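Below is one structure; the comments refer to it alone.
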Amino acid sequence: MPHHSIVLESPWRRIKLVPPTPDDDEAVVVCRTHPSTRQHLRFLPEHLTVEDIRIRRESRGEDKRVLDFHVHLIKEDGSAQFAGMTGYFNIDESHSSCEAGIVVAPEFYGKNLATEIFYVLLEFIFEDKKFHRVTFETGADNLGMQAWLERVAGARLEAQRKEVWKALDGTFSDVRGYAILEDEWRDHVRAKLAKRMERVV
Numbered sequence: 001m002p003h004h005s006i007v008l009e010s011p012w013r014r015i016k017l018v019p020p021t022p023d024d025d026e027a028v029v030v031c032r033t034h035p036s037t038r039q040h041l042r043f044l045p046e047h048l049t050v051e052d053i054r055i056r057r058e059s060r061g062e063d064k065r066v067l068d069f070h071v072h073l074i075k076e077d078g079s080a081q082f083a084g085m086t087g088y089f090n091i092d093e094s095h096s097s098c099e100a101g102i103v104v105a106p107e108f109y110g111k112n113l114a115t116e117i118f119y120v121l122l123e124f125i126f127e128d129k130k131f132h133r134v135t136f137e138t139g140a141d142n143l144g145m146q147a148w149l150e151r152v153a154g155a156r157l158e159a160q161r162k163e164v165w166k167a168l169d170g171t172f173s174d175v176r177g178y179a180i181l182e183d184e185w186r187d188h189v190r191a192k193l194a195k196r197m198e199r200v201v
């Protein structure tokens with residue numbers, strides 16, 4: 001069972017963020033092992049089983065430093081389709097900070113889901129949970145994610161770290177770290193994401 005029952009609905013009603021459940025385990029296997037997902041996350045395994053995902057889901061559900069969500073795309077008939085994963089982790093209550101992440105299922109690339117997902121997640125983090133700071137990490141070779149963080153979200157580049165993520169072949173890749181503060185969310189990030197969404201829907 002998940003350690004939360006939170007469901008977050010998008011103002012644009014295309015997606016919901018829901019607690020991870022066994023119903024999505026097979027879709028998570030496909031998403032996490034897909035070559036497009038692993039292109040910039042080369043530490044992810046090439047092969048997983050549904051049992052592997054069950055164990056991961058349950059262990060993370062018990063970890064109070066993690067809050068995972070699955071992304072469900074809402075179809076015209078009201079049914080939902082798995083479209084990725086998001087959430088926040090490395091929660092530090094004493095400093096009111098956390099790290100956020102996202103993996104969009106490859107079949108939904110180019111649909112502006114990242115903007116909508118992060119709007120919903122950041123609104124929850126800053127306005128409901130009252131966190132002061134959120135950080136993001138992405139591979140130095142993931143130019144698309146860097147462009148989104150910098151140009152769409154207006155996140156600040158704070159770190160360029162060498163040889164951080166260890167790939168399955170033993171090589172290491174560099175990482176870039178970004179951050180958004182609560183006043184940055186309030187003053188410009190929220191409006192930038194909402195404006196982007198207004199052009200999409």
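Each step along the sequence shown adds one to the number in the UniProt record's numbering, with nothing skipped, and position 52 is 52.
The C-beta atom is built at its ideal place from N, Cα and C for all residues, glycine as well.
It should be emphasised that the depicted structure is a prediction, and the values quoted were computed from it without experimental measurement.
{"Asked": "Under the three-state reduction of DSSP, which class applies to E158: helix, strand or coil?", "Found": "strand"}
{"Asked": "On the three-state DSSP scale, how would you describe H81?", "Found": "The identity of residue 81 in the sequence shown is Gln, whereas the question assumes His. Strand, per DSSP."}
{"Asked": "Give me, in chain order, the residues of the same chain whose beta-carbon lies closer than 6 Å to that of S10; leave out the 5 immediate sequence neighbours on both sides.", "Found": "E116 and V120"}
{"Asked": "Whole angstroms is fine: what's the gap from E163's alpha carbon to D141's?", "Found": "12 Å"}
{"Asked": "Identify every run of the alpha helix (DSSP H) within the stretch 113-193, keeping only runs that are complete inside it and at least 4 residues long; order them along the chain.", "Found": "113-123 and 143-147"}
{"Asked": "Going by CA-CA distance only, name the one from G87, K192, L122 and G78 that's closest to V71.", "Found": "G87"}
{"Asked": "Please determine, among E99, T49 and Q81, the residue with the shortest C-alpha to C-alpha distance to D68.", "Found": "E99"}
{"Asked": "Report the rounded CA-to-CA distance for R151 versus M197, giving the unit in angstroms.", "Found": "14 Å"}
{"Asked": "How big is the Cα-Cα spacing for H34 and H40?", "Found": "11 Å"}
{"Asked": "Just grab the DSSP bridge partners of C98 for me.", "Found": "V134"}
{"Asked": "Considering only the alpha carbon of each residue, which of T138, L44 and T21 lies closest to C31?", "Found": "L44"}
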